[in-house]
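Okay, so here's the structure we're looking at.
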Amino acid sequence: SDSDCTAGNVCTSNACVAAVGSPPAAVVAISAGFHIASVSGGEFALVNDCLSGADCRIDYLDSLSQLVVHFAASTPSGGAEPYTYSWDVKGDGNYVSGSNTYNASGYVSAAILTIHLRVTDSNGISSEPVTKTLTLTGG
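432 is the number that our numbering gives the last residue of the sequence shown; the numbers go up by one with no jumps.
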């Protein structure tokens, strides 16, 4: 075990060897969030824009096929700039790389959708996915 090695050495499976270089830097957690920045197309009521950790709801009065939902990430905390953003707006685990905003369209019927955002810093460290539910009613 490492306790069997002298100071400055690292224990491997069969020997103690001199540690080389600096110890790795502590990993800093990245915190992220998002909300609906705007909605366009047809008549709708934005019931909840998913700010403050809430889920999102849009009551739509026209054809949902005209609906465009504009999501915006809040400024991440932790990690090192610049950040990259990956969005999964179908809830299928397939993330699309993009910027801190994402426009989703093509909804054709009332649905409950799961939206995920993952933020990665310049060191390649990613946030836990932020997940919110988008409920579309009407159409």
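Think of the CB as a built atom: it goes at the ideal place given N, C-alpha and C, for glycine as much as any other residue.
Just so you know, these numbers come straight off a predicted model, no measurement behind them.
**OP:** Could you tell me if threonine 413 is buried or exposed, where buried requires 16 or more neighbouring beta carbons within 10 angstroms of its beta carbon?
**Re:** Taking the first residue of the sequence shown as position 1, residue 413 is located at position 120. Buried, by the Cβ-count rule.
Subject >> Closest Cα partner of serine 370 within the set Gly386, Ser415, Thr428 >> reply: The count along the sequence shown starts at 1 and reaches residue 370 at position 77. The shortest Cα separation from serine 370 among Gly386, Ser415, Thr428 belongs to Ser415.
Original post:
With 16 other CB atoms within 10 Å as the buried threshold, where does serine 420 fall?
Top reply: Numbered from its first residue, the sequence shown carries residue 420 at position 127. Counting Cβ neighbours within 10 Å, serine 420 comes out buried, since at least 16 surround it.
**OP:** Out of Ser392, Ala403, Gly335, Trp380, point me to the one whose CA is closest to threonine 430's CA.
**Re:** Against the sequence shown, residue 430 aligns to sequence position 137. Closest by alpha carbon: Ala403.
Original post:
To which residues does DSSP link isoleucine 329 through a beta bridge?
Top reply: The residue given as residue 329 occupies position 36 in the sequence shown. The partner list for isoleucine 329 (beta bridge, DSSP) reads Phe364.
Original post:
Straight-line CA distance for serine 398 to serine 379?
Top reply: Within the sequence shown, the letter at position 105 stands for residue 398. Within the sequence shown, the letter at position 86 stands for residue 379. Each residue's alpha carbon lies about 17 Å from the other.
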